[in-house]
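Asks: One structure, as C-alpha cells, below. Some questions next.
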Amino acid sequence: MKQPIPFLDLKAQQARIAADLRRRLDTVLEHCQFILGPEVRELEAELAKFCGAKHCVSVSSGTDALQIAMMAEDIGRGDAVFLPAFTYTATAEVPLVLGATPVFVDVDPRTFQIDPAHLLQRIEKVRAEGKLKPRAIVGVDLFGQPADWPALVDIARRYDLFLLDDLAQSFGGSLHGKMLGTQADATATSFFPSKPLGAYGDGGALFTESDDRADLYRSLRTHGEGKTRYEVLRTGMNGRLDSMQAAVLLAKLAVFPEELLARERIARAYDQRLGNAVVTPKRVDNSTSAWAIYAILLPNEAARDRTQAALKADGVPTAIYYPRPLHRQPAYSGQHDGSALPVSEDLAGRILALPIHPDLTDQDVDRVCEAVLAAAS
Ligand SMILES: *Cc1c(COP(=O)(O)O)cnc(C)c1O
Numbered sequence: 021m022k023q024p025i026p027f028l029d030l031k032a033q034q035a036r037i038a039a040d041l042r043r044r045l046d047t048v049l050e051h052c053q054f055i056l057g058p059e060v061r062e063l064e065a066e067l068a069k070f071c072g073a074k075h076c077v078s079v080s081s082g083t084d085a086l087q088i089a090m091m092a093e094d095i096g097r098g099d100a101v102f103l104p105a106f107t108y109t110a111t112a113e114v115p116l117v118l119g120a121t122p123v124f125v126d127v128d129p130r131t132f133q134i135d136p137a138h139l140l141q142r143i144e145k146v147r148a149e150g151k152l153k154p155r156a157i158v159g160v161d162l163f164g165q166p167a168d169w170p171a172l173v174d175i176a177r178r179y180d181l182f183l184l185d186d187l188a189q190s191f192g193g194s195l196h197g198k199m200l201g202t203q204a205d206a207t208a209t210s211f212f213p214s215k216p217l218g219a220y221g222d223g224g225a226l227f228t229e230s231d232d233r234a235d236l237y238r239s240l241r242t243h244g245e246g247k248t249r250y251e252v253l254r255t256g257m258n259g260r261l262d263s264m265q266a267a268v269l270l271a272k273l274a275v276f277p278e279e280l281l282a283r284e285r286i287a288r289a290y291d292q293r294l295g296n297a298v299v300t301p302k303r304v305d306n307s308t309s310a311w312a313i314y315a316i317l318l319p320n321e322a323a324r325d326r327t328q329a330a331l332k333a334d335g336v337p338t339a340i341y342y343p344r345p346l347h348r349q350p351a352y353s354g355q356h357d358g359s360a361l362p363v364s365e366d367l368a369g370r371i372l373a374l375p376i377h378p379d380l381t382d383q384d385v386d387r388v389c390e391a392v393l394a395a396a397s
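Using my numbering, you'd call the opening residue of the sequence shown number 21 and step up by one each time.
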C-alpha cells in the first residue's frame, strides 16, 4: 500500500519555519518571562493589525475566549444563547458552563453556516414562551468561511442581543474585502494546533472594537484583577496565553498569508475536479475562506461511509465534522426543546472532509481527486 497522505502535516510546516521558530523560542528561554512576556504583546499587536481590529486580547484557548466574552456580558442563569446545532461542542458548552441555555439553530444546507431565517424563528419562539431571556447570538464561521454577518448584525440590533463571532475555524477568512475579526461585538478565535493558525499547544484570542470590553477581557483572563495585581474586582479565571505559544504563533503568522493562498489553490483544484462527481462546498458570496476544512457531501450515509472506507484503503485520510449535531449529543439533548433541525441532521450523515493543508503537494491533490472520483463512480 502507498504511504498515506497526511491529513495535517505539522512536521512539514515546522521545517519551513524552523530558523525563525528556533530563534524566537531561544529568546523566550533567555528572558524567562513565560507569562505575559514581550512575545504576547507583540503577537496581540500583530493579530490586531492582521484583521484590522482595534483590540486583541490573547487567551488560553478558543473555548476560554468564548467563556471570557460571555462572562464579560454577565450571561448566566435564565439567559438564552442562540447558536448553530452544526458546530464544534465548545460553542454550546460555554453557555451551559455559565448556567445559560443554548438554543440550537439550523444551518444553510449549502454553505453550512447558521441560517438567519431560522434564527429569527427561534428568537421569536423563546420570546413567546417567556421562560428564558434572549441575550446573545453566537455566529460560528464554520470550516473557514464566514457566517452571514450582515443578516446576523441586523437581527442582533433588532432584538438588542450581544453578538459574538466564534472564529475558531476561520481566522484568515474575509467577507466583503475585510478580514474576519470585526463583524460582531466581539470575536473569539482558537490557536489549537489543527486550526488554520495553530500553536504548539492550546491558545486563543479575543478581538473587539470596544475599549471597555478589551479592559474587561484583560481583567477576566487574570482572575478579575484590577489596576494593581492584588486588587480583585470580579470573578475571573486563569485564561492567559503563554510566551512560548506566542513565539510559535509569531513564527507561523509570518508565513500565514502564503499558507492561506496554498489552501485556496487546493480548494479550487478540488472544486474543479470533483464538482461533477460529488457536492463540493458552496462559497459564501464576496468572501474568502481560511479552508480549515474542505467538506464534500455524498448522497446518503451509506455512500459517505463507503467513500470514507475506499479512500482510507487508497491512503487518503478523511474526517467527519460532525457526525452528530449538538442537539443529538447526550450532554445537550436535555437542553433542546424538540424543534426540528433537519439540515443539521442531514449534513451529519452525508458530510466528509478531505485533506487540505498548505504542505499538500500537487501529487497528493491528484491522489485525493483520483480516489474520490473512483469511489464516487
Ligand atoms: C476549535 C473550536 C473551538 C474551541 O477552540 P479550543 O481552542 O480548542 O478551545 C470553539 N469553536 C469552534 C467552532 C471550534 O472549531
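Cβ coordinates follow ideal geometry from the N, Cα and C atoms, glycine included. Because the structure is a prediction, the values reported are computed rather than measured.
Regarding Val459 and ligand 1, is the C-beta to nearest heavy atom distance less than 8 Å?
Replies: Only positions 21 to 397 of the chain appear in this structure, which leaves residue 459 out of reach.
Asks: Opposite Glu245 in the DSSP bridges: which residues?
Replies: In the DSSP output, where bridge partners are listed per residue, Glu245 has Val252.
Asks: Could you tell me the boundaries of the beta strand (DSSP E) in which Leu317 lies?
Replies: Tyr314 to Leu317 is the span of the beta strand (DSSP E), which, as asked, contains Leu317.
Asks: I need the straight-line Cα distance from Ala85 to Pro213, nearest angstrom please.
Replies: If you take the alpha carbons of Ala85 and Pro213, they lie about 16 Å apart.
Asks: Do you know whose CA, among Ala234, Pro345 and Asp325, lies nearest Pro337's CA?
Replies: Considering only alpha carbons, the answer is Asp325.
Asks: Is it right to say Lys302 is buried, meaning 16 or more other beta carbons lie within 10 angstroms of its own, or is it exposed?
Replies: Under this definition Lys302 is an exposed residue.
Asks: Using the beta-carbon count (16 or more within 10 Å), is Ala391 buried or exposed?
Replies: By the neighbour-count rule (16 or more Cβ atoms within 10 Å), Ala391 is buried.
Asks: Helix, strand or coil for Pro345? Go by DSSP, reduced to three states.
Replies: Three-state result, Pro345: coil.
Asks: What separation, rounded to the nearest whole angstrom, lies between the Cα atoms of Met91 and Ala373?
Replies: One C-alpha to the other measures close to 33 Å.
Asks: Who pairs with Asn258 in a beta bridge, going by DSSP?
Replies: Answer by DSSP bridge pairing, in chain order: Thr242.
Asks: Could you check if Lys247 is buried or exposed, using at least 16 other CB atoms within 10 Å of its CB as the buried criterion?
Replies: Exposed, by the Cβ-count rule.
Asks: Locate the beta strand (DSSP E) running through Ile157, then write down its first and last residues.
Replies: Its beta strand (DSSP E) spans residues Lys153 to Val160.
Asks: Counting by C-beta, which residues lie closer than 6 Å to a heavy atom of ligand 1, in chain order?
Replies: In chain order, the qualifying residues are Ser81, Gly82, Thr83, Thr107, Tyr108, Ala110, Thr111, Val160, Asp186, Ala188, Gln189, Ser210, Phe212, Asp222 and Gly224.
Asks: Taking all protein chains shown into account, do 16 or more other C-beta atoms lie within 10 angstroms of the C-beta of Glu144, making it buried, or fewer, making it exposed?
Replies: Looking at its Cβ environment, which holds fewer than 16 other Cβ atoms inside 10 Å, Glu144 is exposed.
Asks: Per DSSP, Val125 forms a beta bridge with which residues?
Replies: Partner(s): Pro104.
Asks: Residues in its own chain within less than 6 Å of Ser81 by CB, not counting five upstream and five downstream?
Replies: So the list reads Asp222 and Gly224, once near-sequence residues are dropped.
Asks: Given Leu28, which residues of its chain have a CB within under 7 Å of its CB, disregarding the five upstream and five downstream residues?
Replies: Result list for Leu28: Ser214 and His377, in chain order.
Asks: Below 8 Å on the Cβ atoms is my guess for Ala206 versus Phe191; work out the distance and round it to an integer in Å.
Replies: That pair is no contact at about 14 Å.
Asks: For Ala167, collect the residues of the same chain with a Cβ closer than 6 Å to its Cβ; drop the 5 residues on either side in sequence, then sort them by chain order.
Replies: Cβ within range, chain order: Gln133, Ile134, Gly159 and Asp161.
Asks: According to DSSP, is Val336 part of a helix, a strand, or is it coil?
Replies: Of the three classes helix, strand and coil, the one that applies to Val336 here is coil, per DSSP.
Asks: Under the DSSP definition of a beta bridge, which residues are partnered with Gly224?
Replies: Answer by DSSP bridge pairing, in chain order: Val79 and Ser210.
Asks: Between Arg370 and the rest of its own chain, which residues show a CB-CB distance below 6 Å, the 5 nearest in sequence each way excluded?
Replies: So the qualifying residues of the chain are Leu317, Leu318 and Arg324.
Asks: For Lys153, I'd like the list of residues in its chain whose CB is within less than 7 Å of its CB, leaving aside the five on either flank, ordered along the chain.
Replies: So the list reads Gly98, Asp99 and Ala100, once near-sequence residues are dropped.
Asks: Compute the Euclidean distance between the alpha carbons of Val146 and Gly218, then round it to the nearest angstrom.
Replies: If you take the alpha carbons of Val146 and Gly218, they lie about 37 Å apart.
Asks: Can you tell me whether Ile55 is buried or exposed? The criterion is at least 16 other CB atoms within 10 Å of its CB, across all chains shown.
Replies: Exposed: under 16 other Cβ atoms inside 10 Å.
Asks: How is Ser364 classed by DSSP in three states: helix, strand or coil?
Replies: Helix, per DSSP.
Asks: Taking the beta strand (DSSP E) that Ile95 falls in, what are its first and last residues?
Replies: Here Ile95 belongs to no beta strand (DSSP E), and DSSP marks it neither H nor E.
Asks: What are the partner residues of Phe182, as DSSP defines its beta bridges?
Replies: Phe182 pairs with Ala156.
Asks: Return the Cβ separation of Asp126 and Leu346 in integer angstroms, given the expectation that the two are a contact with Cβ distance under 8 Å.
Replies: In fact, because the Cβ distance is near 11 Å, the residues do not count as touching under 8 Å.
Asks: By how many angstroms is the C-alpha of Arg61 removed from the C-alpha of Met199?
Replies: Going from the Cα of Met199 to the Cα of Arg61 covers about 21 Å.
Asks: Rounded to a whole number of angstroms, what is the C-alpha to C-alpha distance between Ile313 and Arg233?
Replies: Whole-angstrom Cα-Cα distance: 31 Å.
Asks: With DSSP run on the structure shown, which of helix, strand or coil describes Val299?
Replies: It is a strand residue.
Asks: Around the C-beta of Arg288, are 16 or more other C-beta atoms found within 10 angstroms, so that it is buried, or is it exposed?
Replies: The residue in question, Arg288, is exposed, as its Cβ has fewer than 16 Cβ neighbours within 10 Å.
Asks: Can you tell which of Leu380, Ile88 and Thr327 has the C-alpha that lies nearest to the C-alpha of Ala396?
Replies: Of Leu380, Ile88 and Thr327, the residue nearest in Cα terms is Thr327.
Asks: Residues bridged to Ser308 by DSSP?
Replies: Sequence check: residue 308 is Thr here, not Ser. Its beta-bridge partners are Ser194.
Asks: Return yes when the Cβ of Ala32 is within less than 9 Å of the Cβ of Pro24, no when it is not.
Replies: No; because the gap between Cβ atoms is not below 9 Å, this pair is not in contact.
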